[in-house]
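Numbering (the working numbering), first residue to last: 83 to 474. Ideal placement from N, C-alpha and C gives every residue a C-beta, glycine not left out.
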């Protein structure tokens, strides 16, 4: 046994068992290939707006470089409360909001709040792989519910969820609008999931990160906030990444009942000790001045959805249902069952980078994910390259 094997073998069982990200594998394969149009990541191609970056720069210049409030500076929590009040009509209570280092960390904290090693979280699949991995990091087990797929896209069968509820089930993780499938929970779906959680005493971790990207009409997608009572066991996770083109900033938030505040503060303290103040100033600027930019992002993605459907949706080799939300199209290709191999092949032969379905859990294996939150010009080129490749 060589040194590398010995060192790796000495790691914890959890560290050794975590899967490599199938999305990152494809990104690493293609990122140095000149001319590749990269549509594999869940982000747009616009940089963070100047008014957000300048707020961070002013904060740095003024010397705001010290430790800060673990829950987030009061000004940002106030802005989060106002944002949710305007969007959902909920009371503007800053004590419900907790700033953390990304939506990813928000999920990690939500799981640490609600589960211990050996517990289970039910996750509808296809799903963003990081949620399942976040459960595994704390020794919990993801239990996947395969969503049904038909001509109208994916749908959720509540009876399948209930069949997985066991003595160690603690959480239902629900992402709507969903990455990668574009599925959007209806108000009836949300009521049914909530009723099931109440019946079995389960927590819900609600990932509504893509709520503003709702193609079924309206300013935002249906939310558990529309159907819940104050005492329901729901933790919301969110991020600045998608709406305000801030994926690289790594700043997000949790919304939860104020009675959970000290526990959430402790988990933030013992992981990052709080988010840098200059990043929080950027968050304030995003919420306070960024609504026009958010609307621009939404319309840009709407156009991207239209382009994708007009080209790939018309290929006789592609099975693609129009997504109801988020900014992804999730499609399969006739005659191609290995999406990982296909994603690598499309990089080499078509010059387009997509995320393979193999990265997104059970039921997703034949699919590819394309991010259409991009410039119409580059997206037109990309989808036509794919369509041309499919004709070969």
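Identify, in the order they occur along the chain, each residue of the same chain with its Cβ nearer than 6 Å to the Cβ of residue i, setting aside the five sequence neighbours on each side.
i	result
residue 349	191 and 194
residue 159	176 and 179
residue 286	254, 279 and 316
residue 217	193, 203 and 224
Quick check: the Cα distance between residue i and residue j, rounded to an integer number of angstroms?
i	j	result
residue 316	residue 338	7 Å
residue 293	residue 259	6 Å
residue 344	residue 229	36 Å
residue 420	residue 451	13 Å
residue 114	residue 433	11 Å
residue 362	residue 431	43 Å
residue 121	residue 437	8 Å
residue 372	residue 182	20 Å
residue 320	residue 84	43 Å
residue 109	residue 429	10 Å
residue 235	residue 174	36 Å
residue 395	residue 415	11 Å
residue 341	residue 144	34 Å
residue 422	residue 284	35 Å
residue 184	residue 354	11 Å
residue 261	residue 472	25 Å
residue 474	residue 107	26 Å
residue 88	residue 215	24 Å
residue 213	residue 289	10 Å
residue 299	residue 274	22 Å
Within the same chain, show all residues whose beta-carbon is closer than 8 Å to that of residue i, passing over the 5 residues directly before and after it, in chain order.
i	result
residue 389	454, 458, 461, 462 and 465
residue 125	323, 324, 327, 329, 453 and 455
residue 470	432
residue 312	339
Tell me, please, which residues DSSP counts as bridged to residue i.
i	result
residue 437	451
residue 256	288
residue 236	231
residue 415	400
residue 335	181 and 320
residue 223	202
residue 120	435
Using 8 Å for Cβ pairs, my map puts residue i next to residue j. What's the rounded Cβ distance?
i	j	result
residue 357	residue 154	7 Å
residue 222	residue 336	No, residue 222 and residue 336 are not in contact; Cβ-Cβ is about 18 Å, not under 8 Å.
residue 408	residue 264	5 Å
residue 301	residue 169	7 Å
residue 146	residue 359	4 Å
residue 140	residue 197	About 40 Å; that fails the 8 Å criterion.
What does a CB cutoff of less than 7 Å around residue i pick up in its chain, not counting 5 residues either side in sequence?
i	result
residue 161	366, 369 and 370
residue 248	202
residue 441	103, 104, 105 and 211
residue 246	204, 225 and 227
Please determine if the segment 120 to 135 and the segment 361 to 373 are in contact, where contact requires at least 3 C-beta pairs separated by less than 8 Å. yes
Could you tell me whether the segment 295 to 315 touches the segment 259 to 279, where touching means 3 or more Cβ pairs closer than 8 Å? yes
How do the segment 157 to 172 and the segment 208 to 228 stand: do at least 3 beta-carbon pairs fall below 8 Å, yes or no? no
Contact between the segment 438 to 445 and the segment 214 to 234: three or more CB pairs below 8 Å? yes
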